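Colleague: The sequence shown begins at 6 in the working numbering and counts up one residue at a time.
Ideal Cβ positions, reconstructed from N, Cα and C, are used throughout, including at glycine.
All values reported here derive from a predicted model rather than from experimental measurement.
Following this message is one structure expressed as structure tokens.
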Amino acid sequence: MTDDIQDIGHDFKLAEGVKQFSSELLRLSLLAVTGCGAMWIKLRMPDPGPRPRIPWIWLEAAVVVFMVASALALLHLYVSNLSLTSELARRRTNVDSRLAGGASFFRLLPAVLIGACCMMLLGVVLLMVGIMKIEPPAAAKEPAPRSQASFRAPCCHRPISS
Numbered sequence: 006m007t008d009d010i011q012d013i014g015h016d017f018k019l020a021e022g023v024k025q026f027s028s029e030l031l032r033l034s035l036l037a038v039t040g041c042g043a044m045w046i047k048l049r050m051p052d053p054g055p056r057p058r059i060p061w062i063w064l065e066a067a068v069v070v071f072m073v074a075s076a077l078a079l080l081h082l083y084v085s086n087l088s089l090t091s092e093l094a095r096r097r098t099n100v101d102s103r104l105a106g107g108a109s110f111f112r113l114l115p116a117v118l119i120g121a122c123c124m125m126l127l128g129v130v131l132l133m134v135g136i137m138k139i140e141p142p143a144a145a146k147e148p149a150p151r152s153q154a155s156f157r158a159p160c161c162h163r164p165i166s167s
């Protein structure tokens with residue numbers, strides 16, 4: 006009996022760590038979506054000055070990938086909680102949870118977590134490539150240099166000749 010209680014305690018610690026990791030991954034991916042949205046709004050605002058040329062496809066692709074990462078992290082969080090609940094119900098009733106029909110989906114949990122991590126990395130790469138491809142605005146025409154003959158010294162009223 007004590008081995009079973011220690012085993013349950015270890016399972017709870019492991020499940021809590023996995024849930025914290027999934028929660029942090031969800032938090033980071035939603036923060037990345039928010040940051041991309043703020044950057045999109047800032048760069049789309051009307052500005053009277055020259056505008057940089059921005060390849061929007063990279064930013065939009067990064068947002069989509071970050072959204073997929075947040076969906077996968079949320080799915081992993083939900084299914085891992087469901088898995089823990091199923092395991093606790095199995096231990097209480099001494100019924101094999103594989104007979105309940107959900108065991109095959111629980112085997113996908115590592116793949117879902119790895120997919121969420123890969124999507125986060127892909128989103129960061131897409132965002133960085135998009136930022137690196139931003140071209141500065143075309144240089145404004147510089148005013149023609151004034152000739153020195155028209156310059157007046159502050160102490161004199163006559164023009165300085167060269």
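Hey, quick one: how far does the alpha helix (DSSP H) through Ile-189 stretch, first residue to last?
Modeller: Here the chain comprises residues numbered 6 to 167, so residue 189 is not present and cannot be evaluated.
Colleague: Would you mind sorting Gly-128 into buried or exposed? The rule is 16 or more other CB atoms within 10 Å of its CB.
Modeller: Buried, by the Cβ-count rule.
Colleague: I'd like to confirm the pairing. Which residues does DSSP put opposite Glu-29 in its beta bridges?
Modeller: Answer by DSSP bridge pairing: none, since Glu-29 is not bridged.
Colleague: Gly-42: buried (16+ other C-beta within 10 angstroms of its C-beta) or exposed?
Modeller: Gly-42 is exposed by the Cβ-count criterion.
Colleague: For Ala-143, which residues from the same chain have a beta carbon less than 7 Å from its beta carbon, with the 5 sequence-adjacent residues on both sides left out?
Modeller: Only Pro-55 meet the Cβ criterion.
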